[in-house]
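Data block below; observations after.
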Amino acid sequence: MRTVADLGIGEHGFIAGFTDEKLSLKLLEMGCLPGTEVILTHHAPFGDPIAIKVSGYTLSMRKEEAATILINSI
Amino acid sequence: MAKIPKIALIGNPNAGKSSLFNTLTGLRQKTGNFPGVTMDKLTGFWELGPKNEVEILDLPGIYSIYPKSIDEELVINILGNPAHPDYPDMAIVVADASNLKRNLLLFSQVRDLGIPTVLALNMIDVAENEGYVINSIKLARELSVEVAEVNAKKGIGVNGLKLAVQKTLDNRFASNDGLPLPVSEELINDIQVAFGDVDPYRCLLWLMEHDRMKMFTKVQCADLDKIMVKHDFEPKKYKSAETVKRYEFLTEVVDRCVINLNRQWDAPPVKTWTDRLDKLFLHPVGGYLFFLAILFVMFQAVFTWATYPMDAIDAGVALLNDWLKGILPESTLRGLLTDGLIAGIGGVLIFIPQIAFLFFFISMLEETGYMSRVMFIMDKLMRRFGLNGKSVVPLLSSVACAVPAIMSTRSIGSRKDRLITILVTPLMSCSARLPIYTVLIALVVPEKNTLFGLFNLQGLVLFILYLLGFFMALFSAYMMKLILKAKEKSYFIMELPTYKGPRFKHVSYTILNNVKAFVFEAGKVIVAISIILWVLASYGPGNSMEDATNRIKTQNPNLTGVELSNKIAGEKLENSYAGHFGKFIEPAIRPLGYDWKIGIALITSFAAREVFVGTMSTIYSLGGEIDNENATIKNRMRAEINPQTGKPMYDMALGFSLLIFYAFAMQCMSTLATTYRETKSWKYPLIQFGYMTALAYLSAFLVYQVLS
């Protein structure tokens, strides 16, 4: 299954679930709900961390953290 | 008189909480400490009506009541514990209307704790620009709370908020829904029997977060653990399920109360200013160049702008001293007043321009939202050195002062990253080093323009010293990364807020609060040390002071007047208590090029390095050429002659050796005390003191041996 870490700039997907229990609470609280659309907007220099748009605001996270968010492509 | 009601101000980061706090309280703010923790406590008074005042407590920004880092723990320690001295009578939850659902999550948690709550809807204009129209009357009915629309930045809607708060204070109604997700009644019952009859949601908070709450003893924690095992309760699972459940409920509420105009037109998303600016600031090359440019302007500006008020303060203090010496009769008291007390106070006041400028820049970067972009582009680099993108803020703030910088590491979630950041932060050159740098650079670096006359050579050397501190911090962090063991993985999930124009009111409050804290906190220490030093330098063991006078008089029977009194003063200083201390450590510092006079300054600097300049002026005004017309510290030091070579004492080698020593040495009691409080162990302040002193000694030794 694809994860947010696999997205290219400008690509989007819908959150399907999480693979890390500890991170998932933090992500949920910050608005990454299952079924929500995510768009990758920026890579930091050297490709890591990344910035995504979700629920109307921008969230930054490391690639390894993005890899715990599963997505369904459209 | 009735007790003043307490109101806690709660909200997501960037929801406009601080703006609202400043709007409501204005200048009637006070900073203090929470009992038991070093966290700054910001409270203020707000007038609801005539003779009707409430106290507002500004709590750190959070996304949920479940803490992820140490600064967030504070919130549950206050809201979860009705016996806490800061436990509020009610809460105002500030919500960003343009991001309502996520902001309501926190609101619903606070309300379910059983605290009467008012919802303040902020940034409605932003939401409307994005095409969202909010029916706040309906929202109030759905959530059964008082809702007030406010514009915190412009101060609109304060009267509506007053009404809502007054109503809530009058009826003390907490509209909690009970539990968001049902659990077995026996579980709640077990907790209520053991710990008191409180709201079920509060019971669960106690059960899940007791390790982070200071209200529980070890025995009580063990009891709660037992209840958890007995009922097979898994906090992580519950919290996730609870969050999802709350969002389900809130989605329905928001759907009923908010109209989305975009959906009807299906218009393409507009390119916002934030998107455009991010293109530049997050650019792989441009982003770094821009950040470097900001840093360079910051230092060049602080060095050039701040020197004018600093020179004025320096000259003013010297003038005042000379004037007092002129009108007061010669006595011990006059000496204590002029060379002890006023010299000490001058040493404090001279910092104000630089601290004000540094806090101006740092709070501007925070205010505009640019600081989180810096964290974003620096994370990968910092991670290589065992740090974290979030370490940038402490490292940058410690250019002002390491104490608030170390406290700001609380937002770093990973313990190892946080520990390393705390240990290396004092290597960054703080503002207390600036006067030392300024004096020494002026002594040994010629005043020349370089780079096509654009930059001042002295300014360039100063910039290099700051860079040196930064690279030494990175290097030390790398070494510690190899030594320290990590218990948990660090994470870097954070919001990149939209860019905002700085609120100058907020910036000026930040500057004012920090300058005040410096003058009164650090000032006390500096003045005390200056007075002690004056005593130590004016008195000696036994009859040594009179002996010194007589010795000089018999050795130089032909001398009279100023020349004689200078010689006597010098001999007295050498035989004073301070002179003995300096002489005692002279063998250890001789390889670095220092004599016993600098030794005195080093000893006093171990309490606080800013004392250096004050010590130097005390020492040289007592023992050197007293030149009343231009008695600034710089001129006194320039006139000092090395008795062995007959050349000026402060040459290139000594100057740079001292600069490097002060750049790396751990000479600040307040920083060590802060490290102790933040790590809760003596081990880390000792490590910090040890490695930095060793680093300073070795580097200064190398520099002196190479240059001389």
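If you read the protein sequences in the order shown, they are chains A and B.
Mapping to the working numbering: the first sequence position 9 is 511, numbers consecutive.
Mapping to the working numbering: the second sequence position 75 is 76, numbers consecutive.
Every residue gets a Cβ at the ideal spot worked out from N, C-alpha and C, and that includes glycine.
Which residue wins for smallest C-alpha separation from residue i, given the options the options?
i	options	result
PHE234 (chain B)	B:TRP207, B:ASP256 and B:ALA16	B:TRP207
PRO181 (chain B)	B:GLY161, B:VAL166, B:ASP198 and B:TYR202	B:TYR202
ASN576 (chain B)	B:PRO592, B:LYS568, B:GLU587 and B:ALA549	B:ALA549
MET209 (chain B)	B:ALA666, B:ASN78 and B:SER539	B:ASN78
LEU122 (chain B)	B:ARG678, B:GLY12 and B:VAL349	B:GLY12
MET379 (chain B)	B:GLU129, B:LEU290, B:ARG552 and B:ASN160	B:LEU290
VAL393 (chain B)	B:ILE138, B:VAL375 and B:GLY647	B:VAL375
ASP256 (chain B)	B:ASN136, B:ILE228 and B:PRO649	B:ASN136
LEU140 (chain B)	B:GLY158, B:ILE116, B:SER109 and B:ASN160	B:SER109
SER99 (chain B)	B:ILE295, B:ASP113, B:GLY17 and B:ASP87	B:GLY17
VAL119 (chain B)	B:VAL151, B:ASN160 and B:VAL166	B:VAL166
ASP418 (chain B)	B:ASN82, B:VAL94, B:THR680 and B:TYR64	B:THR680
PHE282 (chain B)	B:ASP224, B:LYS154, B:VAL349 and B:PHE377	B:PHE377
ALA403 (chain B)	B:THR676, B:TRP683 and B:ILE8	B:THR676
According to DSSP, simplified to helix, strand and coil, what is residue i?
i	result
THR560 (chain A)	strand
GLY345 (chain B)	helix
ILE517 (chain A)	strand
LEU254 (chain B)	Looking at the sequence itself, residue 254 (chain B) is Val, so the reference to Leu does not match. Three-state DSSP puts VAL254 (chain B) in a helix.
LEU572 (chain A)	strand
GLU611 (chain B)	coil
GLY50 (chain B)	strand
MET667 (chain B)	coil
ASP340 (chain B)	helix
ASP628 (chain B)	The predicted position of ASP628 (chain B) is uncertain, since its pLDDT is 46 and thus under 50; a value taken from the coordinates is nonetheless stated next. Three-state DSSP puts ASP628 (chain B) in coil, outside helix and strand.
VAL259 (chain B)	strand
PRO649 (chain B)	strand
GLU187 (chain B)	helix
GLU539 (chain A)	strand
THR273 (chain B)	coil
GLN265 (chain B)	Confidence is the limiting factor: at GLN265 (chain B) the pLDDT is only 49, short of 50, which leaves the residue's position unreliable and the question unanswerable from this model.
LEU325 (chain B)	helix
ASP596 (chain B)	coil
SER332 (chain B)	coil
ARG374 (chain B)	helix
VAL704 (chain B)	helix
TRP683 (chain B)	coil
PHE358 (chain B)	helix
GLU235 (chain B)	coil
LEU696 (chain B)	helix
MET532 (chain A)	coil
HIS284 (chain B)	coil
LYS104 (chain B)	Before going on, a small fix: residue 104 (chain B) reads as Asn here, not Lys. It is helical.
ILE351 (chain B)	coil
What does DSSP give as the partner residues of residue i in its beta bridges?
i	result
ALA92 (chain B)	B:ALA9 and B:THR118
ASP97 (chain B)	B:ASN123
ALA553 (chain A)	A:HIS544 and A:SER562
THR505 (chain A)	A:LEU572
GLU496 (chain B)	A:LEU561
LEU58 (chain B)	B:ALA9 and B:THR44
ILE363 (chain B)	Partner(s): none; ILE363 (chain B) has no beta bridge.
ILE642 (chain B)	B:PRO649
The stretch 188-198 of chain B touching the stretch 55-68 of chain B, judged by at least three CB pairs closer than 8 Å: no
Ranges of the alpha helix (DSSP H) found wholly within the stretch 111-184 of chain B, counting only runs of at least 4: With a minimum length of 4 residues, the continuous alpha helix (DSSP H) runs that stay inside the stretch 111-184 of chain B are 125-130, 137-144 and 159-172.
Touching by the beta-carbon criterion (3+ pairs, under 8 Å), the stretch 63-76 of chain B and the stretch 399-418 of chain B: Contact holds: three or more Cβ-Cβ distances are below 8 Å.
Beta strand (DSSP E) runs contained entirely in the stretch 203-231 of chain B, provided each spans 3 or more residues: none
The stretch 365-372 of chain B touching the stretch 317-328 of chain B, judged by at least three CB pairs closer than 8 Å: Contact between the stretch 365-372 of chain B and the stretch 317-328 of chain B is absent, because fewer than three Cβ pairs lie under 8 Å.
Cβ contact (3+ pairs, closer than 8 Å) linking the stretch 421-430 of chain B and the stretch 467-478 of chain B: yes
Every unbroken alpha helix (DSSP H) inside the stretch 429-480 of chain B [4 residues or more]: 434-445
Meets three-Cβ-pair contact criterion under 8 Å: the stretch 280-298 of chain B and the stretch 603-610 of chain B: no
Touch test, the stretch 539-546 of chain B against the stretch 351-371 of chain B, Cβ-Cβ under 8 Å, three pairs minimum: Fewer than three Cβ pairs drawn from the stretch 539-546 of chain B and the stretch 351-371 of chain B lie within less than 8 Å of each other, which leaves the two stretches out of contact.
Meets three-Cβ-pair contact criterion under 8 Å: the stretch 133-148 of chain B and the stretch 42-53 of chain B: no
Three or more C-beta pairs below 8 Å linking the stretch 160-179 of chain B and the stretch 227-244 of chain B: no
At least three beta-carbon pairs within less than 8 Å, the stretch 569-588 of chain B to the stretch 678-689 of chain B: Pairwise C-beta distances place the stretch 569-588 of chain B out of contact with the stretch 678-689 of chain B, as fewer than three of them are shorter than 8 Å.
Inter-stretch contact (C-beta, 8 Å, three-pair minimum) for the stretch 699-709 of chain B and the stretch 658-665 of chain B: yes
Three-pair Cβ contact test at 8 Å for the stretch 248-255 of chain B versus the stretch 90-106 of chain B: Contact holds: three or more Cβ-Cβ distances are below 8 Å.
Three or more C-beta pairs below 8 Å linking the stretch 491-510 of chain B and the stretch 271-280 of chain B: yes
Segment contact flag, the stretch 545-562 of chain A with the stretch 77-92 of chain B, C-beta cutoff 8 Å, min 3 pairs: no
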